[in-house]
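Protein chains: 2
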Amino acid sequence: MPQNRYHHGSLRVALIDATRRLLLDRDPESLSLRQAAREVGVSANAPYRHFEDKDALLAAVAAEGFRALTERFRGTSSDNGGKRRLEAIGEAYCEFATKEPGLVRVMFGPRLRAVARHPGLDEAEREAFAELVQAAEESGAATTPEEGIRTAVGLWSVIHGFATLRADGAFGFLDPWMLPAPADLVRYFRRGST
Amino acid sequence: MPQNRYHHGSLRVALIDATRRLLLDRDPESLSLRQAAREVGVSANAPYRHFEDKDALLAAVAAEGFRALTERFRGTSSDNGGKRRLEAIGEAYCEFATKEPGLVRVMFGPRLRAVARHPGLDEAEREAFAELVQAAEESGAATTPEEGIRTAVGLWSVIHGFATLRADGAFGFLDPWMLPAPADLVRYFRRGST
DNA sequence: ACCTGAACACCGTTCAAGT
DNA sequence: ACCTGAACACCGTTCAAGT
């Protein structure tokens with residue numbers, strides 16, 4: 001019933017979905033607000049009723065991306081007890097970055113957080129990070145809260161670095177079988193026992 | 195003498211330099227070919243005499259970036275013997291990414307290597323990577339060539355991930371003093387002795 | 001309250017010229 | 001061989017309207 005051809009009804013979420021879908025087969029920098037508007041069948045300036053500007057839309061899309069990533073992290077918790085969860089999280093991250101590299105690029109874009117246009121963005125990111133901290137503590141790789149955070153920063157860095165470098169083809173000059181697996185990287189990184 | 199106001203004489207390198215300079219204070223996505231042309235005082239389409247398109251210019255800039263990074267890596271070799279060199283390389287990488295985040299973003303942009311417009315790009319990247327492999331072997335962190343490459347991939351991932359995440363403000367919700375130092379990350383990562 | 005149409009300044013790229 | 005001017009299709013954004 002919200003489709004009376006003039007009042008879209010749920011344009012805000014439709015634009016976010018359309019943008020994420022567009023990111024599946026185009027680079028973030030070739031993504032346009034007008035394109036997203038066309039995709040949902042609305043005029044070029046209709047988005048401005050729901051987003052301050054293009055960056056605000058991208059920030060909302062980024063927040064959605066962090067929530068999806070958190071979901072993936074949580075999806076590993078039931079299947080893997082204890083230390084293996086960290087490896088599963090590493091694999092989940094790499095899979096996510098491989099499947100939606102454009103979205104990941106938007107999630108970690110620079111201007112977004114500089115302007116901080118979207119209220120939920122920081123919280124969504126914090127929540128994903130918290131999963132890593134928790135997994136690091138449960139794995140025994142970190143014993144104090146401070147060490148948990150530092151370890152999580154390190155783990156996030158290896159996995160994020162590897163996943164994005166590989167997705168962007170930075171290791172193109174190496175034979176694929178030479179590359180370590182995400183789980184290897186997690187193991188390499190972890191100091192402490194086993 | 196190449197400046198007769200009509201024939202620039204060294205427009206190609208002037209455009210590369212201007213682009214890198216522009217990247218110091220603007221995001222890569224807000225960078226335009228026209229702007230670079232204006233910067234060197236030439237018409238909007240003059241660049242097309244020297245570069246196939248905008249991506250070709252960015253690829254040349256990226257190659258320049260990898261050469262600059264390699265220089266920084268090499269600058270650490272004389273000052274630090276043995277294992278400490280790996281830590282110095284990690285610090286050099288982070289410093290580089292902090293000083294020129296826009297350039298780093300261009301260096302690891304996705305379309306660039308997809309099209310592979312610039313012949314020197316892959317070679318420049320390989321050379322930077324080779325420094326890491328060599329340092330990993332010298333440090334004793336890797337004993338076989340295969341292990342050297344895998345270790346270098348891991349080190350590149352941690353350092354690149356950390357440096358870009360920090361430069362883009364991804365750790366903004368953490369107190370800065372909680373963050374590990376680049377050298378810490380290199381030490382955490384290294385398996386093997388010491 | 002939500003959307004459209006027309007407009008502005010910008011961009012990448014091309015093409016017919018100019019020197 | 002190298003550069004300019006004018007043009008085209010596109011973009012982000014704004015503003016006066018329409019429903």
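Chains as they are written, first to last, in the numbering used here: chain A, 1 to 194; chain B, 195 to 388. The C-beta atom is built at its ideal place from N, Cα and C for all residues, glycine as well. Remember, it's a predicted structure, so these values are computed and weren't measured experimentally.
**Study point:** Length of the line joining the Cα atoms of residue 326 (chain B) and residue 180 (chain A)
**Key:** Translated into the one-based positions of the second sequence, residue 326 (chain B) becomes position 132. Translated into the one-based positions of the first sequence, residue 180 (chain A) becomes position 180. Roughly 16 Å between the two C-alpha positions.
**Study point:** Three or more C-beta pairs below 8 Å linking the region 107-116 of chain A and the region 40-50 of chain A
**Key:** no
Exercise for review: Pick out whichever of A:30, A:91 and A:59 has its Cα sitting closest to the Cα of residue 74 (chain A).
Suggested key: Along the first sequence, one-based indexing puts residue 74 (chain A) at 74. Nearest option by C-alpha distance: A:91.
Practice item. Determine whether the Cβ of residue 159 (chain A) lies closer than 9 Å to any Cβ atom of chain B. Key: Within the first sequence, the letter at position 159 stands for residue 159 (chain A). Yes, contact with chain B.
Check your understanding: What residue ranges within the region 2-35 of chain A form continuous alpha helix (DSSP H) runs of no fewer than 4 residues, ordered along the chain?
Key -> 11-22
Check your understanding: Helix, strand or coil: how does DSSP classify residue 245 (chain B) here?
Key -> Taking the second sequence and counting its residues from 1, one reaches residue 245 (chain B) at position 51. Coil at residue 245 (chain B), not helix or strand.
**Study point:** Residue-level contact to chain A via CB, residue 382 (chain B), 9 Å cutoff
**Key:** One-based indexing of the second sequence puts residue 382 (chain B) at position 188. Against chain A, the CB of residue 382 (chain B) has a partner CB under 9 Å away; the residue lies at that interface.
Review point. Just checking, does the region 12-28 of chain A make contact with the region 93-107 of chain A on the three C-beta pairs under 8 Å criterion?
Key: yes
Exercise for review: In angstroms with no decimal places, state the Cα-to-Cα distance between residue 69 (chain A) and residue 202 (chain B).
Suggested key: Working through the first sequence from its first residue, we reach residue 69 (chain A) at position 69. Working through the second sequence from its first residue, we reach residue 202 (chain B) at position 8. Cα to Cα, residue 69 (chain A) sits roughly 51 Å from residue 202 (chain B).
Exercise for review: Would you mind telling me which residues of chain B sit closer than 9 Å to residue 23 (chain A), beta carbon to beta carbon, in chain order?
Suggested key: If you number the first sequence from 1, residue 23 (chain A) lands on position 23. Here the premise fails: no neighbours, minimum Cβ distance about 12 Å.
Review point. Is DSSP giving residue 185 (chain A) helix, strand or coil here?
Key: Within the first sequence, the letter at position 185 stands for residue 185 (chain A). It is helical.
**Study point:** Which listed residue (B:347, B:302 and B:279) has its alpha carbon closest to that of residue 176 (chain A)
**Key:** Position 176 of the first sequence, counting from 1, holds the residue named residue 176 (chain A). The shortest C-alpha separation from residue 176 (chain A) is found at B:347.
**Study point:** Whole-angstrom distance between residue 139 (chain A) and residue 145 (chain A), CA atom to CA atom
**Key:** Position 145 of the first sequence holds residue 145 (chain A). Position 139 of the first sequence holds residue 139 (chain A). Distance from the CA of residue 145 (chain A) to the CA of residue 139 (chain A), rounded to the nearest whole angstrom, comes to 13 Å.
Exercise for review: Could you tell me how far apart the beta carbons of residue 281 (chain B) and residue 377 (chain B) are, in whole angstroms, since I believe they sit closer than 8 Å?
Suggested key: As a first step, residue 281 (chain B) must be located in the second sequence, where it is residue number 87. As a first step, residue 377 (chain B) must be located in the second sequence, where it is residue number 183. That belief holds up - the Cβ atoms of residue 281 (chain B) and residue 377 (chain B) are roughly 4 Å apart, short of 8 Å.
Exercise for review: Using a cut-off of 7 Å between C-beta atoms, extract the partners of residue 326 (chain B) located in chain A.
Suggested key: The sequence position of residue 326 (chain B) within the second sequence is 132, counting from 1. Within chain A, no residue has its CB atom less than 7 Å from the CB of residue 326 (chain B), the nearest being about 12 Å off.
Check your understanding: Beta-carbon of residue 176 (chain A) versus every beta-carbon of chain B: anything under 9 Å?
Key -> To locate residue 176 (chain A), count along the first sequence from 1; it is residue 176. So, not an interface residue.
Check your understanding: With respect to the alpha helix (DSSP H) encompassing residue 236 (chain B), which residues constitute its N-terminal and C-terminal limits?
Key -> Your numbering for residue 236 (chain B) matches position 42 in the second sequence. Going by DSSP, residue 236 (chain B) is part of no alpha helix (DSSP H) at all; its letter is neither H nor E.
Practice item. Compare the C-beta of residue 343 (chain B) against all C-beta atoms of chain A and say whether one is closer than 9 Å. Key: For the purposes of this step, residue 343 (chain B) is taken as residue 149 along the second sequence, with counting starting at 1. Yes, contact with chain A.
Review point. Distance, Cα to Cα, residue 28 (chain A) vs residue 106 (chain A)?
Key: In the first sequence, the residue the question calls residue 28 (chain A) occupies position 28. In the first sequence, the residue the question calls residue 106 (chain A) occupies position 106. C-alpha separation (whole angstroms): 7 Å.
**Study point:** Under 8 Å by beta carbon: chain B residues contacting residue 137 (chain A)
**Key:** Here the question's residue 137 (chain A) lines up with position 137 in the first sequence. The contacting residues do not exist; residue 137 (chain A) stays about 15 Å from chain B at best.
Exercise for review: Taking residue 29 (chain A) as the query, report the chain B residues whose CB atoms sit under 7 Å from its CB, ordered along the chain.
Suggested key: Numbered from 1 along the first sequence, position 29 holds the residue referred to as residue 29 (chain A). Neighbours of residue 29 (chain A) in chain B, taken as residues at a C-beta separation under 7 Å, are given in chain order as 223.
Review point. Can you name the residues of chain B whose CB is closer than 9 Å to the CB of residue 65 (chain A)?
Key: If you number the first sequence from 1, residue 65 (chain A) lands on position 65. Within chain B, no residue comes near residue 65 (chain A); the closest Cβ sits about 13 Å away, beyond 9 Å.
**Study point:** Under 9 Å by beta carbon: chain B residues contacting residue 121 (chain A)
**Key:** Numbered from its first residue, the first sequence carries residue 121 (chain A) at position 121. Near residue 121 (chain A) there are no residues of chain B at all, since even the closest Cβ is about 10 Å away, more than 9 Å.
Review point. From residue 229 (chain B) to residue 351 (chain B), what does the alpha carbon distance come to, in whole angstroms?
Key: Locating residue 229 (chain B) in the second sequence gives position 35, where the first residue counts as 1. Locating residue 351 (chain B) in the second sequence gives position 157, where the first residue counts as 1. If you take the alpha carbons of residue 229 (chain B) and residue 351 (chain B), they lie about 33 Å apart.
Exercise for review: Please decide whether residue 47 (chain A) counts as near chain B, where near means a Cβ-Cβ distance under 9 Å.
Suggested key: Locating residue 47 (chain A) in the first sequence gives position 47, where the first residue counts as 1. Closer than 9 Å: no.
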